[in-house]
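Chains as they are written, first to last, in this note's numbering: chain A, 1 to 252; chain B, 1001 to 1252; chain C, 2001 to 2252; chain D, 3001 to 3252.
Number of protein chains: 4
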Amino acid sequence: LAVDLNCDLGESYGTWRLGDDAAMLSLVSSANVACGFHAGDPTVIRQTTATAAAEGVTIGAHVGYPDLAGFGRRFMDMSPESLADAVLYQIAALEGFARAAGRRVAYVKPHGALYNAVVHHVGQARAVVAATRTFDPSLKILGLPGSAVLAAAREEGLEVVTEAFVDRAYTPEGTLVSRSEPGSVLTDVEHVARRAARMVTHREVEAIDGSIISIHADSLCIHGDSPRALEMARAVRAALSDAGAEIRAFTR
Amino acid sequence: LAVDLNCDLGESYGTWRLGDDAAMLSLVSSANVACGFHAGDPTVIRQTTATAAAEGVTIGAHVGYPDLAGFGRRFMDMSPESLADAVLYQIAALEGFARAAGRRVAYVKPHGALYNAVVHHVGQARAVVAATRTFDPSLKILGLPGSAVLAAAREEGLEVVTEAFVDRAYTPEGTLVSRSEPGSVLTDVEHVARRAARMVTHREVEAIDGSIISIHADSLCIHGDSPRALEMARAVRAALSDAGAEIRAFTR
Amino acid sequence: LAVDLNCDLGESYGTWRLGDDAAMLSLVSSANVACGFHAGDPTVIRQTTATAAAEGVTIGAHVGYPDLAGFGRRFMDMSPESLADAVLYQIAALEGFARAAGRRVAYVKPHGALYNAVVHHVGQARAVVAATRTFDPSLKILGLPGSAVLAAAREEGLEVVTEAFVDRAYTPEGTLVSRSEPGSVLTDVEHVARRAARMVTHREVEAIDGSIISIHADSLCIHGDSPRALEMARAVRAALSDAGAEIRAFTR
Amino acid sequence: LAVDLNCDLGESYGTWRLGDDAAMLSLVSSANVACGFHAGDPTVIRQTTATAAAEGVTIGAHVGYPDLAGFGRRFMDMSPESLADAVLYQIAALEGFARAAGRRVAYVKPHGALYNAVVHHVGQARAVVAATRTFDPSLKILGLPGSAVLAAAREEGLEVVTEAFVDRAYTPEGTLVSRSEPGSVLTDVEHVARRAARMVTHREVEAIDGSIISIHADSLCIHGDSPRALEMARAVRAALSDAGAEIRAFTR
């Protein structure tokens, strides 16, 4: 029994710090590293990839819209061609630092508004996949089960990795409850940890209406920038360990 | 008898066009491709590398300061560490598109104010070299004969490529006459063409005071954004051909 | 009989030139000046406002999304609050240069994708109006007849200015034919000029299906960046003059 | 006996937070507000000016180089003309938000590397002054005693405000000890507070070598982004109060 733990990292920019990357990299197995378009700068990328390499954490490209001011959290109606170019650029830039640290980029995960867009937006979903495939067809795509981007990845012969969110509420249909709804984000650390373990051991989760739904995730996403992120990550690790689940990067 | 012809390319950005890249790529043997920091965007980079690949033109990373508003022409007092990270990022991003076009980045040439800075600024010169070496020690550095960046490259075991400017006036000491001086930029196409041929066949050039100085350049730099750039490039090619000099990328 | 002629200006950025602003400013009565978010930089803004002032051309704030790479032509899902702040920032920055040239900003016109968004997007439309009103309730809003932004402006007590496009095809319903449709952009200079005169003298235009529709526009929009922009502007002026229509800024 | 307390504020950007602006604005009398070039964005500027207005804190334009990635802390060799345009743009943008909050921008203070540059760089110093004067000749310039920018301001008829740094060591010549030197930044809160009071009551300070030098400052600069910034600000206020010095903005 094994599961991957992924977390958004390298989201500082210039003088501005976000999250405790060093601590988080000692807890997760996969790092979604910002590539400089929505967050991250060359120095932050170097530091993050170097620490990830030292900790044995798998490096993924967290690609986003070119929107530093909005942290990539605002949908941008980019043409598929323009988006594909932007995604390839980001993966390639990150790969340079991964190689400098003796590693390689192993997967691609869309960030923020792009993550949400490629659940349904077929044109942008295919653009992300096309860019990834052009760069390296052995790269995996990490995304939401049932999303357009994972469907497109499968069509193009790329391996996909599905993820679940340990601290987000689910609808009875298995989709995420919108952040604008009450109760969408869970903050009780122990509750989240038990929930995470159940996701792995029983492949199920309690939806927001109390119903039990099945869930199949290769990776669990831990948020790194919440006030209690480290505490939650440690609790999830402990609960998984207690349940007999090993934390192991999907790429090994 | 052979010489390389290099030119700055891929300097458009978004809706803004600069130079006639397609035409220029049919005339030169090496393309200094802007990497998105002082000019160029992911789509422009893809188009430029694809055309360069189709034309058999060698691809170099034209790395610059992160200053789009100033086109990389204003000195920035970046720390060597920060500059090295920025240079590695740019080379890596370009490499992604070069590989997508079936090629590799072959050399690194600093752009604009960075080009001028690394003639004397040892810290920034070493940063450019360190980043290049970290990325790929088989990359060459293209720069001004006698510059700090070429000295640093030799110290670090990188191959260097020297260049001369066909349309710039030289001092009797063999340095470039500053652009702020009258007569610093030559515009007579036939004169420039003859001068270029002489640089290759006799390894000499007439300085601004009429004295003859020796010059050894592996590559001749043609400017791509002047009004008569294409005309000048064609005249230089013809003059070199008449003089029995082959135009050949230095990297082959 | 009088009509305003407005044109997008000040769309250069750094080293990149777009359009012939000086020539165009001798032909139009209102200048939609880019404010640095989708195009324009402080130096371009200063030059454009100074020339507009010297030519007696009314200055408007051409406000756009913060998307230089996309020239403001890609919808961005900005929150109304964030958009209002961005619009106020742009108007205020432009006002600084207008005052330095002895003038004032007289109106606000959304640019590109924002222009299209505020035809229907009530939240963003209200944000543009709210920012304008906060800055100066005597500012006018220039937009498409029937658009949400003009409705919001009227609700808030701002004066509105309607515009028609001399070189764009209209549907029988009076909306613009999408640029992706064939025949959406008219290029025959003489035809466009006659059409412009008819818009003013008869308040009607021939739609793409040949039907005649009525049109009421306080201002005619001339595009400044097409290859034949100057020629078209001169022809439109001549046709208006022949028809006895004076070209006069709406703000006087 | 009165003195102004100024502090850098509004230095957050997008998702990234820096400093505790609300708390600091309850302690100082003048706010140096970042204008979006080195830090700050339209929403941050609105919030900062609104809070400053509510607290009765005077608003100043903290103008910087266009270098978000470097937080304006790297010298940029901008031409005086280009710098003047950038400074005017920043003051004007801030003025829009100050007016929306019922206030006006009262002074201009260069930030970071620009602050250091205009101590000696006459061309850039004059550019800052020229832009300020063009915008509004009643604006004051806040800077280092003896700096080129204050000299230029006096020549142009602008009022100047001199400042001292409560937590920085001084040389026997009255200049600041470089941050790269040991002991350049003072961190003992009580010591700094006593020092601040002495600057105001006795117009003197103990230099790094133990000698006593005279100092005349209209304003004391408190740093807002250090870990103990709030504590230091409170201690300085208390010490000034104990010494009978009123904290009062210089602009009243």
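From the three backbone atoms N, C-alpha and C, an ideal C-beta is built for every residue, glycine too.
Taking beta-carbon pairs under 9 Å, can you tell me which members of the region 3048 to 3070 of chain D lie near chain B? Tyr3065, Pro3066, Asp3067, Ala3069, Gly3070
Do the region 3150 to 3162 of chain D and the region 3076 to 3085 of chain D make contact, defined as three or more Cβ pairs closer than 8 Å? no
Thr134/A versus Ala31/A: straight-line alpha-carbon distance, rounded: Within the first sequence, the letter at position 134 stands for residue 134/A. Within the first sequence, the letter at position 31 stands for residue 31/A. Distance between the alpha carbons of Thr134/A and Ala31/A is about 22 Å.
Can you list, in chain order, the residues of its chain whose CB lies under 7 Å from that of His1062/B, leaving out five sequence neighbours each side? As a first step, residue 1062/B must be located in the second sequence, where it is residue number 62. So the list reads Asp1008, Asn1032, Val1033, Ala1034, Cys1035, Lys1109, His1111, once near-sequence residues are dropped.
On the DSSP bridge list, what partners appear for Arg1073/B? Within the second sequence, numbered from 1, the residue matching residue 1073/B stands at position 73. Partner(s): none; Arg1073/B has no beta bridge.
For chain B, check one thing: does any of its Cβ atoms lie closer than 8 Å to the Cβ of Glu95/A? Taking the first residue of the first sequence as 1, we reach residue 95/A at position 95. Closer than 8 Å: yes.
Between the Cα of Ala1197/B and those of Val1087/B, Asp1041/B, Thr1048/B, Ala1245/B, spot the shortest distance and give me the residue it belongs to. Position 197 of the second sequence, counted from the first residue, corresponds to residue 1197/B. Closest in alpha carbon position to Ala1197/B, among Val1087/B, Asp1041/B, Thr1048/B, Ala1245/B, is Ala1245/B.
Would you mind sorting Val122/A into buried or exposed? The rule is 16 or more other CB atoms within 10 Å of its CB. As a working mapping, residue 122/A is identified with position 122 in the first sequence. By the neighbour-count rule (16 or more Cβ atoms within 10 Å), Val122/A is not buried but exposed.
Is the number of C-beta pairs between the region 9 to 29 of chain A and the region 215 to 232 of chain A that are closer than 8 Å three or more? yes
Between which two residues does the alpha helix (DSSP H) carrying Ala1130/B extend? On the second sequence, position 130 is the one that residue 1130/B refers to. Run containing Ala1130/B: 1122 to 1135, per the alpha helix (DSSP H) assignment.
Less than 7 Å between C-beta atoms, sequence neighbours within five positions excluded: which residues of the same chain meet that for Phe165/A? For this step, residue 165/A is matched to residue 165 along the first sequence. Here the set comprises Leu176, Cys221.
So which residues of chain A does Tyr3013/D contact, with C-beta pairs closer than 7 Å? Within the fourth sequence, numbered from 1, the residue matching residue 3013/D stands at position 13. By Cβ distance, chain A contributes Trp16.
Residue-level contact to chain A via CB, Thr1132/B, 8 Å cutoff: To locate residue 1132/B, count along the second sequence from 1; it is residue 132. Taking Cβ atoms only, chain A never reaches closer than 8 Å to Thr1132/B, which makes this a no.
Is it the case that the Cβ atoms of Ser2029/C and Ala2249/C are separated by a distance below 8 Å? The residue you call residue 2029/C lines up with position 29 of the third sequence. The residue you call residue 2249/C lines up with position 249 of the third sequence. Yes, Cβ-Cβ distance for Ser2029/C and Ala2249/C is below 8 Å.
Distance, Arg103/A Cα to Ala54/A Cα: Along the first sequence, read from residue 1 onward, the residue named residue 54/A stands at position 54. Along the first sequence, read from residue 1 onward, the residue named residue 103/A stands at position 103. Looking at the two C-alpha atoms, the distance is approximately 10 Å.
According to DSSP, Tyr2170/C sits in a beta bridge with which residue or residues? Mapped onto the third sequence, residue 2170/C falls at position 170. Answer is Leu2176/C, bridged to Tyr2170/C.
Return the chain-ordered list of same chain residues with a C-beta closer than 7 Å to the C-beta of Thr3171/D, the five sequence neighbours on each side being excluded. For the purposes of this step, residue 3171/D is taken as residue 171 along the fourth sequence, with counting starting at 1. Excluding sequence neighbours, Thr3171/D sits near Val3177, Ala3207, Ile3208.
Straight-line CA distance for Val2236/C to Arg2194/C? Mapped onto the third sequence, residue 2236/C falls at position 236. Mapped onto the third sequence, residue 2194/C falls at position 194. Rounded to whole angstroms, the separation of the alpha carbons of Arg2194/C and Val2236/C is 7 Å.
In whole angstroms, give me the CA-to-CA distance for Pro3066/D and Leu1068/B. As a working note, residue 3066/D is residue 66 in the fourth sequence. As a working note, residue 1068/B is residue 68 in the second sequence. Answer to the nearest angstrom: the Cα atoms are 10 Å apart.
Unbroken alpha helix (DSSP H) run spanning Tyr1089/B, endpoints: Stepping through the second sequence from its first residue, residue 1089/B is reached at position 89. Element bounds for Tyr1089/B: 1080 to 1100.
Starting from Ile1208/B, trace the alpha helix (DSSP H) in both directions and tell me its first and last residue. For the purposes of this step, residue 1208/B is taken as residue 208 along the second sequence, with counting starting at 1. Taken as a continuous stretch (DSSP letters only), Ile1208/B belongs to no alpha helix (DSSP H), as it is neither H nor E.
Taking the CB atoms as reference points, tell me whether Ala1113/B and Gly1146/B lie closer together than 8 Å. In the second sequence, residue 1113/B corresponds to position 113, counting from 1. In the second sequence, residue 1146/B corresponds to position 146, counting from 1. For Ala1113/B and Gly1146/B, no; Cβs fall outside 8 Å.
Lys236/A, enclosing alpha helix (DSSP H) - first and last residue: Residue 236/A sits at position 236 when you count from the first residue of the first sequence. Correcting the residue type first, residue 236/A is Val in the shown sequence and not Lys. 229 to 242 is the span of the alpha helix (DSSP H), which, as asked, contains Val236/A.
Alpha-carbon to alpha-carbon, Thr2049/C and Thr2132/C: Residue mapping note: residue 2132/C aligns to position 132 of the third sequence, counting from 1. Residue mapping note: residue 2049/C aligns to position 49 of the third sequence, counting from 1. Thr2132/C and Thr2049/C: Cα-Cα distance of roughly 19 Å.
Could you tell me whether any Cβ in chain D is nearer than 8 Å to the Cβ of Asp1085/B? As a working mapping, residue 1085/B is identified with position 85 in the second sequence. Taking Cβ atoms only, chain D never reaches closer than 8 Å to Asp1085/B, which makes this a no.
Short CB-CB distance (under 8 Å) between Phe3135/D and chain B: Within the fourth sequence, the letter at position 135 stands for residue 3135/D. Not one chain B Cβ lies under 8 Å of Phe3135/D.
Residues of the region 3018 to 3045 of chain D in Cβ contact with chain A at a cutoff of 7 Å, in chain order, please. So the list reads Leu3018, Asp3041, given in the order they occur along the chain.
Quick one: what does DSSP say His2062/C is sitting in, helix, strand or coil? Along the third sequence, read from residue 1 onward, the residue named residue 2062/C stands at position 62. Strand at His2062/C.
Using only alpha-carbon positions, find the residue among Leu1094/B, Val1087/B, Leu1088/B that is nearest to Val87/A. Working through the first sequence from its first residue, we reach residue 87/A at position 87. The shortest Cα separation from Val87/A among Leu1094/B, Val1087/B, Leu1088/B belongs to Leu1094/B.
Does the distance from the C-beta atom of Ala3169/D to that of Leu3186/D stay below 8 Å? Along the fourth sequence, one-based indexing puts residue 3169/D at 169. Along the fourth sequence, one-based indexing puts residue 3186/D at 186. Contact: yes.
Give the DSSP-derived three-state secondary structure of Glu155/A in the structure shown. Against the first sequence, residue 155/A aligns to sequence position 155. In the structure shown, Glu155/A sits in a helix (DSSP, three-state: H, G or I).
Positions along the region 2102 to 2114 of chain C whose CB lies within less than 8 Å of some CB in chain D: none
Report all residues from its chain with a CB closer than 7 Å to the CB of Asp20/A; omit the five preceding and five following residues, and keep chain order. Within the first sequence, numbered from 1, the residue matching residue 20/A stands at position 20. Leu230.
Report the neighbours of Tyr1089/B on chain A: residues whose CB is nearer than 8 Å to its CB, in chain order. Here residue 1089/B refers to the residue found at position 89 of the second sequence. Residues of chain A passing the Cβ test: Gly36, Pro42, Ile45, Ala93, Gly96, Phe97.
Any C-beta of chain C sitting closer than 8 Å to the C-beta of Phe165/A? Start at 1 with the first residue of the first sequence, and residue 165/A comes out as number 165. Output row for Phe165/A: interface = no.
Cα-Cα separation between Gly3014/D and Asp2242/C, rounded to whole angstroms: If you number the fourth sequence from 1, residue 3014/D lands on position 14. If you number the third sequence from 1, residue 2242/C lands on position 242. Spanning the two alpha carbons is a distance of roughly 53 Å.
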